[in-house]
Amino acid sequence: MYIFSLFVILLLTGPARAWIPGQDKEIYAADGSNLFNNTALATNASSKRWLPSSAKIRGVNLGSMFVFEPWLAQTAWTNMGCGGLNSEFDCVSHLGQAQANSVFQAHWSSWITQSDITQMQSYGLNTIRIPVGYWMKEDLVYSDSEHFPQGGLSYLEQVCGWASDAGFYIIIDLHGAPGAQVANNSDTGQFAPSPGFYVDYQYSRAETFLSWLTNLTHTTNAFRNVGMIEIVNEPVQNADTVATMRSSYYPNAYAAIRSAESALGITASNALHVQVMNELWGSGDPKQYLTNQNFMAYDDHRYLKWSNITTSMSAYLSDSCTNNRASDGDTPTIVGEWSLSVPDDVQWTSAWDPSTQQSFYSQWFAAQVLTYEKNTNGWIFWTWKSQLGDYRWSYQDAVAAGVIPQNLSGVNASACSGY
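When the letters of the sequence shown are read in order and numbered with mature numbering (1 follows the signal peptide of the UniProt record, and there is no 0), they come out as residues -18 to -1, 1 to 401.
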């Protein structure tokens, strides 16, 4: 009788949304209601369709897929004809639009494949975070002065479809904002000499992008498991410099997403989570001017490589075991980027060599996972794959090296003993 009733509900409401965190399974109707959560229906606020209620987020970033960072994949970058260039903007300018479209589309079709998604699933991961640039909405690009590859949307749809079919939760992150949100960094899509994002007309372009992406998410089947949109990645870490981002862009970006949902008649329980960098990032309190914080979420990036912590294994383990990343009170928080990399000046010394120090890196991975899952809503490793030959930046390679267990239930539960 229960199975028949469930079938009738699904038939009446449309395709179910499946969310499979580890061994748990939750099925969501098209209106966002949670139909099955182990043995009981979930009723609390955290069990809405777009945030898992019964398990922590355990995920990987798809770094260098749609926002190419040459340092992560120099071989691919060089083979595309972009060697020696700093960013996608520079490469497209160099190759010309037609040739750039061809080589980038070849990259998108091969960097993350369905077999990658299957492998992620076999490792017990349940979430992917996809960095994208505003140029994916191609009519936002100034054709006379901006240069970005075209045709990415169909590949984004493809990878989201594979991930949705596999039951993954999906976060799409505006990694490359109009004008670049930081200077001299390829992870914005352009190696800009100064951050040009923090003016009204650039905010407006980003808001248009977010409205467009929201519409796609709610109307395109492949995007059915996209539950969160991050409205800008890693802005300038100076609260005064980005004051207008907090006072203008954040409220307006939130409104753009909600207005797009309202126009579609999206019910409250089916709304996307809107994610911002949390206050620990250093850009000020993101909630300062947000009068409406319904279904907000917060992103925390934790790279000890660039911290002021003493560079020692014991110090890294101590900090990773005790640092409460939810200490600013923002919730839900996800540690959306972190790695096993250490400072440049020691990373290839014998004391830190990844080929001989697997035991430490395995313990450090476990320590971070245990703490992030204890104090926040979960974690997303940077990144799934690289061409560095260094598993400290590649989840796939770290599993192959035995540093990360193939089954996350095998994470060392005593990694923080003594800390």
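All C-beta atoms, glycine included, are put in the ideal place defined by N, C-alpha and C. Computed from a predicted model, the values in this text were never measured in an experiment.
Out of the options, which one is the CA nearest neighbour of residue i?
{"i": "Met278", "options": "Arg206, Ile213, Ser294 and Ala225", "result": "Ile213"}
{"i": "Gln96", "options": "Ile110, Gln140 and Ala82", "result": "Gln140"}
{"i": "Ser127", "options": "Gly133, Ile153 and Ala174", "result": "Ala174"}
{"i": "Arg284", "options": "Asn260, Gly266, Ser294 and Ser296", "result": "Asn260"}
{"i": "Tyr343", "options": "Gly63, Val324 and Leu67", "result": "Val324"}
{"i": "Met94", "options": "Leu44, Gln345, Ala383 and Ser229", "result": "Note on residue identity: the sequence assigns Ile, not Met, to residue 94. Checked all of Leu44, Gln345, Ala383 and Ser229; the closest Cα to Ile94 is Leu44."}
{"i": "Leu370", "options": "Trp59, Lys38, Ala37 and Val42", "result": "Trp59"}
{"i": "Gln345", "options": "Trp375, Ser376, Gly360 and Pro387", "result": "Pro387"}
{"i": "Tyr183", "options": "Ser230, Ala242, Ser241 and Gln56", "result": "Ser230"}
{"i": "Ala242", "options": "His200, Tyr373 and Leu67", "result": "His200"}
{"i": "Leu195", "options": "Asp281, Thr315, Val114 and Phe86", "result": "Val114"}
{"i": "residue 437", "options": "Arg187, Ser69 and Ser104", "result": "Since the first residue shown for the chain is -18 and the last is 401, residue 437 is missing from the structure and cannot be characterised."}
{"i": "Ala333", "options": "Thr293, Gly318 and Gly78", "result": "Thr293"}
{"i": "Thr315", "options": "Asp335, Thr304 and Gly360", "result": "Gly360"}
{"i": "residue 402", "options": "Ser296, Gly106, Ile153 and Ala221", "result": "Given that the chain is displayed from residue -18 to residue 401, the structure contains no residue 402 and the question cannot be resolved."}
{"i": "Ser84", "options": "Asn61, Thr358, Asp267 and Arg240", "result": "Asn61"}
Mark residue i as exposed unless 16 or more other C-beta atoms lie within 10 angstroms of its C-beta, in which case mark it buried.
{"i": "Gly161", "result": "buried"}
{"i": "Lys356", "result": "exposed"}
{"i": "Ser176", "result": "exposed"}
{"i": "Asp326", "result": "exposed"}
{"i": "Ala397", "result": "buried"}
{"i": "Tyr10", "result": "The pLDDT assigned to Tyr10 is 35, lower than 50, so where the model puts this residue is not dependable; a value taken from the coordinates is nonetheless given after this. Tyr10 comes out buried."}
{"i": "Gly247", "result": "exposed"}
{"i": "Gln350", "result": "buried"}
{"i": "Gly392", "result": "exposed"}
{"i": "Ala82", "result": "buried"}
{"i": "Tyr124", "result": "exposed"}
{"i": "Asn389", "result": "exposed"}
{"i": "Gly133", "result": "exposed"}
{"i": "Ala380", "result": "buried"}
{"i": "Trp90", "result": "buried"}
{"i": "Thr249", "result": "exposed"}
{"i": "Gly209", "result": "buried"}
{"i": "Ser368", "result": "buried"}
{"i": "Asp121", "result": "exposed"}
{"i": "Asp282", "result": "buried"}
{"i": "residue 402", "result": "Because the chain here runs from -18 to 401, residue 402 falls outside it and cannot be looked at."}
{"i": "Ala235", "result": "buried"}
{"i": "Gly65", "result": "exposed"}
When the Cα atoms are used, what is the spatial distance from residue i to residue j?
{"i": "Leu54", "j": "Ser337", "result": "19 Å"}
{"i": "Pro330", "j": "Ile291", "result": "Just to set this straight, residue 330 is Trp in the shown sequence, not Pro. Each residue's alpha carbon lies about 19 Å from the other."}
{"i": "Tyr151", "j": "Phe363", "result": "14 Å"}
{"i": "Lys119", "j": "Ala80", "result": "17 Å"}
{"i": "Tyr185", "j": "Ala253", "result": "22 Å"}
{"i": "Asp310", "j": "Gln163", "result": "24 Å"}
{"i": "His76", "j": "Ala238", "result": "35 Å"}
{"i": "Tyr401", "j": "Leu299", "result": "7 Å"}
{"i": "Glu197", "j": "Glu189", "result": "One point to set straight first is that residue 197 is Asn, not Glu, in the sequence displayed. Cα to Cα, the separation comes out at about 12 Å."}
{"i": "Thr21", "j": "Arg40", "result": "At Thr21 the pLDDT is 22, less than 50, meaning the model places this residue with poor confidence; the figure from the coordinates comes in the next sentence. The straight-line gap from Cα to Cα measures roughly 23 Å."}
{"i": "Phe48", "j": "Asn394", "result": "34 Å"}
{"i": "Gly158", "j": "Asn215", "result": "8 Å"}
{"i": "Ser15", "j": "Asp312", "result": "The predicted model places Ser15 with a pLDDT of 35, which falls under 50 and marks its position as unreliable; any figure quoted below should be read in that light. Cα to Cα, Ser15 sits roughly 25 Å from Asp312."}
{"i": "Val385", "j": "Ser193", "result": "41 Å"}
{"i": "Val256", "j": "Val224", "result": "19 Å"}
{"i": "Val74", "j": "Trp375", "result": "26 Å"}
{"i": "Gly63", "j": "Cys142", "result": "28 Å"}
{"i": "Gln270", "j": "Gln219", "result": "16 Å"}
{"i": "Trp288", "j": "Ala245", "result": "43 Å"}
{"i": "Leu67", "j": "Tyr280", "result": "33 Å"}
{"i": "Gln87", "j": "Leu138", "result": "11 Å"}
{"i": "Asn251", "j": "Gln340", "result": "Note on identity: in this sequence residue 251 is Ser, with Asn being the wrong assignment. Cα to Cα, the separation comes out at about 44 Å."}
{"i": "Asn207", "j": "Trp144", "result": "10 Å"}
{"i": "Ala348", "j": "Gly78", "result": "46 Å"}
{"i": "Tyr377", "j": "Gln56", "result": "18 Å"}
Assuming residue i and residue j make a contact with CB atoms under 8 Å, what is their CB distance in whole Å?
{"i": "Gly171", "j": "Phe205", "result": "With 8 Å as the limit, Gly171 and Phe205 do not qualify as a contact, their Cβ atoms being about 21 Å apart."}
{"i": "Met102", "j": "Trp320", "result": "Contact flag wrong, Cβ pair sits at about 17 Å."}
{"i": "Thr353", "j": "Ser399", "result": "Not quite, the Cβ-Cβ distance comes to about 13 Å (not below 8 Å), so this is no contact."}
{"i": "Ile110", "j": "Asp155", "result": "That pair is no contact at about 11 Å."}
{"i": "Ile211", "j": "Ala148", "result": "With a Cβ gap of about 20 Å, Ile211 and Ala148 do not count as contacting."}
{"i": "Glu51", "j": "Ser146", "result": "That pair is no contact at about 25 Å."}
{"i": "Ser265", "j": "Pro217", "result": "5 Å"}
Does the CB of residue i have a neighbour CB from chain B at under 7 Å?
{"i": "His200", "result": "Any reference to chain B falls outside this structure, which holds one protein chain only."}
For residue i, verify whether its CB is less than 6 Å away from any heavy atom of the ligand GDP.
{"i": "Pro217", "result": "As for the ligand GDP, it is missing from this structure, which has no ligand bound."}
Taking 8 Å as the cut-off, does the stretch 268 to 276 touch the stretch 300 to 308 (at least 3 CB pairs, one atom from each stretch)? Too few Cβ pairs lie closer than 8 Å, so no.
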